[in-house]
(Lines of atoms letter the chains of each structure in order from A; the text may use other names.)
(Lines give C-alpha, C1' and ligand atoms only; values in the text may rest on other atoms or scores of the structure.)
Protein backbone atom coordinates (compact mmCIF):
# COMPACT_ATOMS: atom_id res chain seq x y z
CA UNK A 1 0.00 0.00 0.00
CA UNK A 2 1.65 3.22 -1.09
CA UNK A 3 -0.83 5.72 0.30
CA UNK A 4 -3.94 6.16 2.41
CA UNK A 5 -6.87 8.40 1.62
CA UNK A 6 -8.64 7.99 4.96
CA UNK A 7 -7.86 6.75 8.46
CA UNK A 8 -10.95 5.74 10.47
CA UNK A 9 -10.66 5.47 14.25
CA UNK A 10 -12.91 2.92 15.93
CA UNK A 11 -14.05 -0.52 14.87
CA UNK A 12 -17.64 -0.33 16.04
CA UNK A 13 -20.65 -0.23 13.78
CA UNK A 14 -20.09 3.40 12.80
CA UNK A 15 -16.37 3.07 12.08
CA UNK A 16 -16.62 -0.17 10.14
CA UNK A 17 -19.58 1.12 8.15
CA UNK A 18 -17.74 4.32 7.23
CA UNK A 19 -14.60 2.38 6.29
CA UNK A 20 -16.61 -0.09 4.20
CA UNK A 21 -18.50 2.56 2.25
CA UNK A 22 -15.38 4.65 1.62
CA UNK A 23 -13.51 1.57 0.37
CA UNK A 24 -16.47 0.69 -1.84
CA UNK A 25 -16.11 4.15 -3.41
CA UNK A 26 -12.46 3.48 -4.21
CA UNK A 27 -10.73 5.09 -1.23
CA UNK A 28 -7.76 3.41 0.44
CA UNK A 29 -8.83 3.13 4.08
CA UNK A 30 -7.07 2.15 7.30
CA UNK A 31 -9.39 1.13 10.14
CA UNK A 32 -7.81 1.50 13.58
CA UNK A 33 -9.20 -0.28 16.65
CA UNK A 34 -7.54 -0.39 20.07
CA UNK A 35 -9.10 -3.69 21.12
CA UNK A 36 -8.44 -7.15 19.72
CA UNK A 37 -12.09 -7.53 18.77
CA UNK A 38 -14.40 -4.97 17.24
CA UNK A 39 -17.01 -3.12 19.25
CA UNK A 40 -16.47 -4.37 22.78
CA UNK A 41 -17.22 -1.26 24.80
CA UNK A 42 -20.10 -1.07 27.24
CA UNK A 43 -21.63 2.14 25.87
CA UNK A 44 -20.39 2.20 22.29
CA UNK A 45 -22.57 3.08 19.31
CA UNK A 46 -23.09 -0.56 18.34
CA UNK A 47 -24.65 -1.51 21.66
CA UNK A 48 -26.72 1.68 21.87
CA UNK A 49 -28.04 1.38 18.30
CA UNK A 50 -29.47 -2.09 18.91
CA UNK A 51 -30.72 -1.28 22.40
CA UNK A 52 -28.24 -3.63 24.03
CA UNK A 53 -27.62 -3.05 27.71
CA UNK A 54 -24.58 -4.69 29.23
CA UNK A 55 -24.88 -5.10 32.98
CA UNK A 56 -21.65 -5.53 34.92
CA UNK A 57 -21.44 -9.08 36.19
CA UNK A 58 -21.44 -9.62 39.92
CA UNK A 59 -20.00 -12.67 41.57
CA UNK A 60 -22.78 -14.83 42.92
CA UNK A 61 -22.58 -15.21 46.66
CA UNK A 62 -24.07 -18.11 48.54
CA UNK A 63 -26.49 -16.61 51.12
CA UNK A 64 -25.71 -19.51 53.48
CA UNK A 65 -22.16 -18.27 53.95
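Numbering (the UniProt record's numbering), first residue to last: 1 to 65. Beta carbons: idealized from backbone N, C-alpha and C, even for Gly.
For residue j and residue i, the rounded distance between their alpha carbons
i, j, result
"residue 71", "residue 33", "With the chain covering only 1 through 65, there is no way to say anything about residue 71."
"residue 6", "residue 28", "6 Å"
"residue 35", "residue 21", "22 Å"
"residue 12", "residue 2", "26 Å"
Buried versus exposed, by CB contacts within 10 Å (16 or more), residue i
i, result
"residue 19", "buried"
"residue 26", "exposed"
Sequence-distant residues of the same chain with beta carbon closer than 6 Å to residue i, five excluded per side
i, result
"residue 9", "32"
"residue 15", "8"
Contact under 8 Å by Cβ, residue i with residue j
i, j, result
"residue 4", "residue 30", "yes"
Beta-bridge pairing of residue i - partner residues as DSSP gives them
i, result
"residue 26", "BP columns for residue 26 are empty, so no partner."
"residue 4", "DSSP output for residue 4 lists no bridge partner at all."
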